[in-house]
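Engineer: Numbering (the numbering used here), first residue to last: 1 to 256.
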Amino acid sequence: MCQYIIFFNQKIGTFPIFIGAGLLALTFLIAYQIKKFNLDNNSENKIMVCIPLSVLFGCITGYFSDVIFRGGIKAVFSPWGYGMTFYGWLLGCILFYTVYSKILNIRTSFLLNFFLPAFSLAQSIGRVGCFLGGCCFGCPVSYGGISYPKGSLPYSIYKDALLFPVQLWESFYLLIVFFILFFLIKFKYRAAVYLIMLSGGRFVFEFLRGDNRGKLFIDLLSPAQIISLSILFCTIIFLINKIFSLDYRQIIKQVI
Numbered sequence: 001m002c003q004y005i006i007f008f009n010q011k012i013g014t015f016p017i018f019i020g021a022g023l024l025a026l027t028f029l030i031a032y033q034i035k036k037f038n039l040d041n042n043s044e045n046k047i048m049v050c051i052p053l054s055v056l057f058g059c060i061t062g063y064f065s066d067v068i069f070r071g072g073i074k075a076v077f078s079p080w081g082y083g084m085t086f087y088g089w090l091l092g093c094i095l096f097y098t099v100y101s102k103i104l105n106i107r108t109s110f111l112l113n114f115f116l117p118a119f120s121l122a123q124s125i126g127r128v129g130c131f132l133g134g135c136c137f138g139c140p141v142s143y144g145g146i147s148y149p150k151g152s153l154p155y156s157i158y159k160d161a162l163l164f165p166v167q168l169w170e171s172f173y174l175l176i177v178f179f180i181l182f183f184l185i186k187f188k189y190r191a192a193v194y195l196i197m198l199s200g201g202r203f204v205f206e207f208l209r210g211d212n213r214g215k216l217f218i219d220l221l222s223p224a225q226i227i228s229l230s231i232l233f234c235t236i237i238f239l240i241n242k243i244f245s246l247d248y249r250q251i252i253k254q255v256i
């Protein structure tokens, strides 16, 4: 664990550094895609403006989702001292892209396929920051784990017990997802495949977490697992419907 680095006699948290690096990688990846698709200046400007606005809106929804999950509805009126959930951020971004596309007359599916797969790279980098910063830590294990130093959040709960490095495994998984999406999956299916792989992987990794993630409806599953199942179910239904609808139209064309 390396929670801080010293830069010009200033202590800087490694978590925000890696989050910033992830967002920077996201921006470069979006810029690369703009060049690849050879978009006109008007479309390019719309997409570039969309990046900071969607990230900001996602941060707001991500923060208040953590407020509700860990503090309950009443905590909304005193929302101080909380963190941010990724799913709250992601769903906020999806909502923003949907509204933004309607306002500026852009295809919603294009924006989702354009942005969502790029999140996998940013997430992969950000999870390394989680590991170094000591958040989103794993559950106790007998071997193959790491122990956190005194003063860290994991130590305050588990002392010097070995904890499963779930952040690093999830980071590696998300990196694989990134390569699959950009090298094996057609553009029009990328957002759907991203949501399926993200939610499926997150559901499994949540069983290996040892931190407090709040409550949503039931104690058996974490809020992230409930959201994962919801996203997984809805996306699979959408994808099946889209594939069969395409086949149905093709059959009609062939008959006619």
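In this text, a Cβ means the ideal position worked out from N, Cα and C, and glycines have one as well.
What you are looking at is a predicted structure, and each value in this text was computed from that prediction instead of being measured.
1. Thinking C-alpha only, which one of Tyr158, Gly134, Lys242 is nearest Phe18?
2. Taking Gln33 as part of the beta strand (DSSP E), name the residues at either end of that continuous run.
3. Around the C-beta of Val255, are 16 or more other C-beta atoms found within 10 angstroms, so that it is buried, or is it exposed?
4. Under a Cβ-count criterion, where at least 16 other Cβ atoms within 10 Å of its own Cβ denotes burial, should Tyr32 be classed as buried or exposed?
5. Under a Cβ-count criterion, where at least 16 other Cβ atoms within 10 Å of its own Cβ denotes burial, should Tyr143 be classed as buried or exposed?
6. In terms of residues, what are the limits of the alpha helix (DSSP H) holding Thr108?
7. Quick check on Thr98: buried or exposed, where buried means 16 or more other Cβ atoms within 10 Å of its Cβ?
8. Take the Cβ of Arg202 as the centre, count every other Cβ of all protein chains shown within 10 Å, and call the residue buried at 16 or more, exposed below.
9. Leaving out five residues before and five after Gln167 in sequence, what residues of the same chain have Cβ atoms less than 6 Å from its Cβ?
10. If we ignore side chains and look at the alpha-carbon of each, how far apart do Tyr189 and Leu104 end up?
11. Report the three-state DSSP secondary structure of Ile256 (helix, strand or coil).
12. So, with DSSP's three-state summary, where would you put Ile146?
13. With a threshold of 16 other CB atoms inside 10 Å of the CB of Val49, please say whether the residue is buried or exposed.
14. CA-CA distance, Ile226 and Phe7?
15. Could you please give the first and the last residue of the uninterrupted alpha helix (DSSP H) stretch that includes Val177?
16. Keeping to the same chain, check which residues put their C-beta closer than 7 Å to that of Thr27; ignore five residues upstream and five downstream.
17. In angstroms with no decimal places, state the Cα-to-Cα distance between Tyr100 and Ile106.
18. How many Å lie between Ser147 and Lys159 at the Cα?
19. Do the stretch 58-68 and the stretch 87-95 touch if we need at least three Cβ pairs shorter than 8 Å?
20. For Phe183 and Trp169, what's the separation of their Cα atoms in angstroms?
21. State the start and end residues of the unbroken alpha helix (DSSP H) segment that holds Pro154.
22. Assign Lys188 to one of three DSSP states: helix, strand, or coil.
23. Keeping to the same chain, check which residues put their C-beta closer than 7 Å to that of Ile251; ignore five residues upstream and five downstream.
24. With a Cβ-Cβ cutoff of 9 Å, do Glu206 and Ala224 count as a contact?
Structural biologist: Reading it off the structure:
1. Gly134
2. Taken as a continuous stretch (DSSP letters only), Gln33 belongs to no beta strand (DSSP E), being part of the alpha helix (DSSP H) at 14-37.
3. Low local confidence applies: a pLDDT of 42 at Val255 is under 50, so the model's placement there is unreliable, and no value is given.
4. exposed
5. exposed
6. 108-133
7. exposed
8. buried
9. Result list for Gln167: Arg127, Cys130, Phe131, Cys136, in chain order.
10. 23 Å
11. In this prediction, Ile256 scores a pLDDT of 43, lower than 50, which makes its location untrustworthy; the coordinate-derived value is nonetheless stated afterwards. DSSP places Ile256 in coil when its eight states are reduced to three.
12. strand
13. exposed
14. 41 Å
15. 166-183
16. Only residues of its own chain outside the window of five on either side were considered, and among them Ile51 have a CB closer than 7 Å to the CB of Thr27, listed in chain order.
17. 8 Å
18. 8 Å
19. yes
20. 21 Å
21. Run containing Pro154: 153-158, per the alpha helix (DSSP H) assignment.
22. helix
23. In this predicted model, Ile251 has a pLDDT of only 45, less than 50, meaning its place in the structure is not dependable enough to derive any value.
24. yes
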